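Chains U and W, in that order, are what the protein sequence lines are. So that you can map any letter, position 38 of the first sequence is 38 in our numbering, and since no number is skipped, the others follow by simple counting. Positions in the second sequence are counted from 1; adding 178 to them yields our numbering. For glycine and all other residues, C-beta sits at the position ideal for the given N, C-alpha and C. Keep in mind it's a predicted model, so treat the numbers as computed, not measured. Here's the structure, in structure tokens; my notes come after.
Number of protein chains: 2
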Amino acid sequence: MLPSSIMHSLDKVDLQLLRALCTDPRSTFVALAQQLHLSRNTVQARMARLEESNAFLSFDRRVNPVALGYPLTAFIEVHVQQKRLTQIVAELAQIPEIVQAYGMSGSTDLLVRVVCTDADDLFRIDGTILACEGVDRTETSLAMGELIPYRVTPLLERTARRVGPSGSTGGSPDEVTT
Amino acid sequence: MLPSSIMHSLDKVDLQLLRALCTDPRSTFVALAQQLHLSRNTVQARMARLEESNAFLSFDRRVNPVALGYPLTAFIEVHVQQKRLTQIVAELAQIPEIVQAYGMSGSTDLLVRVVCTDADDLFRIDGTILACEGVDRTETSLAMGELIPYRVTPLLERTARRVGPSGSTGGSPDEVTT
DNA sequence: AAAAATATTGAGCATTCTGCCCTATTCAGG
DNA sequence: CCTGAATAGGGCAGAATGCTCAATATTTTT
Chain U
1 MLPSSIMHSL
11 DKVDLQLLRA
21 LCTDPRSTFV
31 ALAQQLHLSR
41 NTVQARMARL
51 EESNAFLSFD
61 RRVNPVALGY
71 PLTAFIEVHV
81 QQKRLTQIVA
91 ELAQIPEIVQ
101 AYGMSGSTDL
111 LVRVVCTDAD
121 DLFRIDGTIL
131 ACEGVDRTET
141 SLAMGELIPY
151 RVTPLLERTA
161 RRVGPSGSTG
171 GSPDEVTT
Chain W
179 MLPSSIMHSL
189 DKVDLQLLRA
199 LCTDPRSTFV
209 ALAQQLHLSR
219 NTVQARMARL
229 EESNAFLSFD
239 RRVNPVALGY
249 PLTAFIEVHV
259 QQKRLTQIVA
269 ELAQIPEIVQ
279 AYGMSGSTDL
289 LVRVVCTDAD
299 DLFRIDGTIL
309 ACEGVDRTET
319 SLAMGELIPY
329 RVTPLLERTA
339 RRVGPSGSTG
349 GSPDEVTT
């Protein structure tokens, strides 16, 4: 579930902090303060606020599955009987190789992200998914490579440019002008 | 591109470290050492080794796009003229809302992950993608919700159980027995 | 099996960082 | 203008870090 605690909007300082952390995730508060010409107390307060407002997702996302021995990533579209959706999700959550699942609009019910050791492993996992009661059909696509690695820094930089000195991302970024 | 520097396999201690970091990403080395009954130096050496071997992906992945003002996530299957794939990817990388793109097997050429502010924004981004020379067709699916939030901890825990006291994940995890 | 290489341990030191407190100033909203 | 929130800068004690070192344990190689 998406967090429901986004209680404040991010201003330029927040964005700069996030950007700096993307550059060096182990930055100390002191270093961040120097880099951004802020007081250390401010960095501390801002970071606490970002934590509280769920600006940071889980550390899991930084763990490279390849390093764990799971070099393959696949996306499985899962077509289900709607009335059993909740149970199915609970069952899928018991499969460790399923690292994420979205409920989707349109003709796909679930988009399931899977990591696996090899093609046979993928086939096995697919079978496990299909064995769940209420799962009608799956369509598997193997990711051959991450051509654009996950990044938000272009967004951070653009949004920071747009909001100006002390503005915030309240509402839609596109509504904010410099 | 996937990192090509996975030069060593993770043993149980590495996995436990990663697991502990998933629980508390701001853990100090001292705290980790106490928690795992290790010497602080060992934690330090292990963390350095994990860093060097690309066990950690970018911090970007921890930044919640919702907090940035991008509450919607969508997956766009992009069908392209193969010979222009490289140029297309370069062009797609110029679009900040595209946060990730996989080259896929099968009938889908690219799976593009997009964050956006609303449905109109998504429609606009889709148009931008379609405007790239060599892009034939797109199919957009809107993620309605993250039913299983991204997690690797079940994998970490299972692999740690499997490898025993000092084993490692060299090769396929399924080949390792306790 | 023995030797060599590597990893771990625990101790230590100087430096830096953190959590927290405090007061003064600035900023933003009514 | 007033008020509350945020920022700044200073401070303190304790904790953490980066690094060194020698001894020990473990793993790998011969």
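Check	Outcome
Coil, strand or helix - U:L217 by DSSP	In this structure chain U extends from 1 to 178, so residue 217 of chain U is not present and cannot be described.
Beta carbon proximity, U:P173 to chain W, threshold 8 Å	Low per-residue confidence applies at U:P173: pLDDT is 47, beneath 50, and the placement is therefore not dependable, though the value from the model is reported in the following sentence. Yes, U:P173 counts as interfacial toward chain W.
Same chain only: Cβ atoms within 6 Å of W:P274, ignoring 5 sequence neighbours per side	none
Inter-residue CB distance, W:E255 and W:T286 (contact presumed, cutoff 8 Å)	4 Å
Selected residue, minimal CA-CA separation from U:A74, among U:L18, U:R26, U:A119	U:A119
C-beta neighbour in chain U for W:D238, strict 8 Å	yes
Min CB distance W:V221 to chain U below 8 Å	no
Limits of the alpha helix (DSSP H) - the one that W:I303 falls within	297–308
CB contact check: W:V256 to chain U, cutoff 8 Å	no
Assigned exposure category for U:S5 - 16 Cβ within 10 Å defines buried	Confidence at U:S5 is low in this model, with a pLDDT of 46, below 50, so the placement of that residue is unreliable and no value is reported for it.
Inter-residue Cα distance where the pair is W:R315 and W:Y248	24 Å
U:V135 at chain W interface by Cβ criterion, 8 Å	no
Cα-Cα separation between U:K12 and U:I125, rounded to whole angstroms	44 Å
Contacting residues, own chain, Cβ-Cβ under 7 Å from U:Q81 (five flanking each side not counted)	G134, D136
Member of U:L111, U:A160, U:D24 whose CA lies at the smallest distance from the CA of W:T318	U:L111
Contacts of U:A106 in chain W (Cβ-Cβ under 9 Å)	A small fix is needed here, since residue 106 of chain U is Gly in this sequence, not Ala. Per Cβ cutoff of 9 Å: E317, T318, S319, L320.
Endpoints, alpha helix (DSSP H) assigned at U:T138	Segment 135–148 is the beta strand (DSSP E) holding U:T138; no alpha helix (DSSP H) there.
DSSP three-state assignment for W:Q278, whether helix, strand or coil	strand
Contacting positions in the stretch 145–165 of chain U - beta carbon closer than 9 Å to chain W	G145, E146, L147, I148, P149, Y150, R151, V152, T153, P154, L155, L156, E157, R158, T159
Span separating the alpha-carbon of U:R49 from that of U:S39	15 Å
Selected residue, minimal CA-CA separation from W:E230, among W:S187, W:R336, W:L300	W:S187
Contact check, U:V184 vs U:V89, beta carbons under 8 Å	As displayed, chain U neither begins before 1 nor continues past 178, which places residue 184 of chain U out of reach and without an answer.
Through-space distance from W:A279 to U:L130, alpha-carbon basis	27 Å
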